[in-house]
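Residue numbers (my numbering): 10 to 314. Note that beta-carbon positions come from the ideal geometry of N, C-alpha and C, so glycine has one too.
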């Protein structure tokens, strides 16, 4: 495990205070206050342009996928130069299962598309509280099946709540060889919030807010259901190799550490990268966080191997 790209002093304090303020105002996506917004507004949450670095030019196609729960929005990122051997990517956005959509993390999707020479498909799964578990997971599974109709295997990448759904999707399809890699970026993997890093003084998440969101997301499902809390799955055999990204100042950091340990115990290859000094969702703050481009470089290197 490496620890790299530290952001020190007032810059880190300012960044952490900003993200905490945005969350309190309901502007950071995953907050209890955000649930009061119309679902269309929550689905449109994207990082401010000044928080991002320039993105490569790629083709964009928008469509909807007929699925068991209704039409699912898809956004396809198409490379200018496609590599014949490249594996397609399914991207699952974060936002606490209550916010975000196909435009949530274009910074990551465009870079993976352009530099890997592969198609990246972002899925706009149904959001809680209007659509509790398993609605979002079913939408991601239907999007995966649509990609598998054209390719024998897919890499699945998700951040935060999307990392949770990526891990759950990998559990659902374990042993079949259809998911080549699972990429879990500051993922929420234990919804019982048993990880030590959940509590202060770390940045961002209020335990009270998180509890409200979790209850709205899981609906009638048990909180220790493996597809709700993948870290609590009793058996991790047969899962695809994992790339796990954690942020050292993130309340969810230890979820990634614990899942990496459990995967290794099960004999699953894991690359764990912990970015020191970084807050949750630092890929959405690329112009402020030196770790963002370094993380992209690492992911490109791993996924093209």
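Exposed or buried, what is residue 206 when buried is set at 16 or more other beta-carbons lying within 10 Å of its beta-carbon?
As a position in the chain shown, residue 206 is number 197, starting the count at 1. Buried.
Using a 10 Å radius around the Cβ and a threshold of 16 neighbouring Cβ atoms, would you call residue 203 buried or exposed?
Along the chain shown, one-based indexing puts residue 203 at 194. Burial check for residue 203: the Cβ neighbour count within 10 Å stays below 16, so the residue is exposed.
Would you call the stretch 235-243 and the stretch 279-293 touching, i.e. three or more CB-CB distances under 8 angstroms?
As far as the Cβ criterion goes, the stretch 235-243 does not touch the stretch 279-293, which means the pair count is below three.
Let me check one thing: in DSSP terms, what residues is residue 131 bridge-paired to?
For this step, residue 131 is matched to residue 122 along the chain shown. Answer is 84, 100.
For residue 244, the first and last residue of its enclosing beta strand (DSSP E):
On the chain shown, position 235 is the one that residue 244 refers to. Looking at the DSSP string, residue 244 is not in any beta strand (DSSP E), and its letter there is neither H nor E.
For residue 66, report the span of its beta strand (DSSP E) as first-last.
Numbered from 1 along the chain shown, position 57 holds the residue referred to as residue 66. Taken as a continuous stretch (DSSP letters only), residue 66 belongs to no beta strand (DSSP E), as it is neither H nor E.
Through-space distance from residue 65 to residue 177, alpha-carbon basis
Against the chain shown, residue 177 aligns to sequence position 168. Against the chain shown, residue 65 aligns to sequence position 56. Looking at the two C-alpha atoms, the distance is approximately 30 angstroms.
Compute every distance between the C-beta of residue 256 and the non-hydrogen atoms of the ligand NAP, then say whether any falls below 7 angstroms.
Questions concerning the ligand NAP fall outside what the structure shown contains, since it holds no ligand whatsoever.
Three-state class that DSSP yields for residue 167 in the structure shown
Numbered from 1 along the chain shown, position 158 holds the residue referred to as residue 167. DSSP places residue 167 in strand when its eight states are reduced to three.
Residue 113 beta carbon less than 8 angstroms from that of residue 103:
Within the chain shown, the letter at position 94 stands for residue 103. Within the chain shown, the letter at position 104 stands for residue 113. It is a contact, given that the beta carbons lie within the stated cut-off.
Which same chain residues, not among the five before or five after residue 235, have their C-beta less than 8 angstroms away from its C-beta?
The sequence position of residue 235 within the chain shown is 226, counting from 1. Contacts found: 177, 180, 241, 242, 243.
Nearest CA to the CA of residue 222: which residue from 139, 122, 119?
In the chain shown, the residue the question calls residue 222 occupies position 213. Of the candidates 139, 122, 119, the one whose C-alpha sits nearest the C-alpha of residue 222 is 139.
According to DSSP, is residue 195 helix, strand or coil?
Counted from its first residue, the chain shown places residue 195 at position 186. Residue state, collapsed to three classes: coil.
When the Cβ atoms of the stretch 120-133 are set against those of the stretch 141-154, are three or more pairs found closer than 8 angstroms?
yes
Do residue 284 and residue 300 have their beta-carbon atoms positioned less than 8 angstroms apart in this structure?
Counting from 1 along the chain shown, the entry for residue 300 is found at position 291. Counting from 1 along the chain shown, the entry for residue 284 is found at position 275. Taking 8 angstroms as the Cβ cut-off, residue 300 and residue 284 qualify as a contacting pair.
Look at residue 137 and residue 225 and say whether their C-beta atoms are less than 8 angstroms apart.
The residue labelled residue 137 in the question sits at position 128 within the chain shown. The residue labelled residue 225 in the question sits at position 216 within the chain shown. Their beta carbons are under 8 angstroms apart, which means residue 137 touches residue 225 by this criterion.
Give me the Cα-Cα distance between residue 261 and residue 74, rounded to the nearest whole angstrom.
Stepping through the chain shown from its first residue, residue 261 is reached at position 252. Stepping through the chain shown from its first residue, residue 74 is reached at position 65. Residue 74 has its alpha-carbon roughly 32 angstroms from the corresponding atom of residue 261.
Candidates 286, 232, 266, of which the one nearest residue 258 by Cα
Start at 1 with the first residue of the chain shown, and residue 258 comes out as number 249. The option with the nearest alpha carbon to residue 258 is 286.
Does residue 254 come out as helix, strand or coil in the three-state DSSP assignment?
Counted from its first residue, the chain shown places residue 254 at position 245. Strand, per DSSP.
Can you check DSSP and say which residues form a bridge with residue 73?
To locate residue 73, count along the chain shown from 1; it is residue 64. According to DSSP, which records beta bridges pairwise, residue 73 is partnered with 82.
CB contact flag (residue 193, residue 232, <8 angstroms):
Against the chain shown, residue 193 aligns to sequence position 184. Against the chain shown, residue 232 aligns to sequence position 223. Cβ atoms of residue 193 and residue 232: not closer than 8 angstroms.
Per DSSP, which residues does residue 277 bridge with? Please list them.
For this step, residue 277 is matched to residue 268 along the chain shown. DSSP lists no partner for residue 277.
Same chain, Cβ closer than 6 angstroms to residue 295, neighbours up to 5 away in sequence not counted:
Here residue 295 refers to the residue found at position 286 of the chain shown. Excluding positions up to five away in sequence, the list reads 61, 62, 116, 301.
Using the Cα positions of residue 164 and residue 77, report the straight-line distance between them to the nearest angstrom.
Taking the chain shown and counting its residues from 1, one reaches residue 164 at position 155. Taking the chain shown and counting its residues from 1, one reaches residue 77 at position 68. Spanning the two alpha carbons is a distance of roughly 23 angstroms.
Cα-Cα separation, residue 304 to residue 292
Here residue 304 refers to the residue found at position 295 when the chain shown is read from its first residue. Here residue 292 refers to the residue found at position 283 when the chain shown is read from its first residue. Approximately 8 angstroms between the Cα atoms of the pair.
What separation, rounded to the nearest whole angstrom, lies between the Cα atoms of residue 267 and residue 72?
If you number the chain shown from 1, residue 267 lands on position 258. If you number the chain shown from 1, residue 72 lands on position 63. Cα to Cα, the separation comes out at about 37 angstroms.
Excluding the five sequence neighbours on either side, which residues of its own chain have a C-beta within less than 7 angstroms of the C-beta of residue 263, listed in chain order?
As a first step, residue 263 must be located in the chain shown, where it is residue number 254. Contacts found: 204, 205, 206.
Could you check what DSSP says for residue 181 in three-state terms: helix, strand or coil?
The count along the chain shown starts at 1 and reaches residue 181 at position 172. Three-state result, residue 181: helix.
Taking C-alpha atoms, which residue in 124, 157, 313, 166 lies nearest to residue 87?
By 1-based counting over the chain shown, the position of residue 87 is 78. The candidate whose alpha carbon is nearest that of residue 87 is 124.
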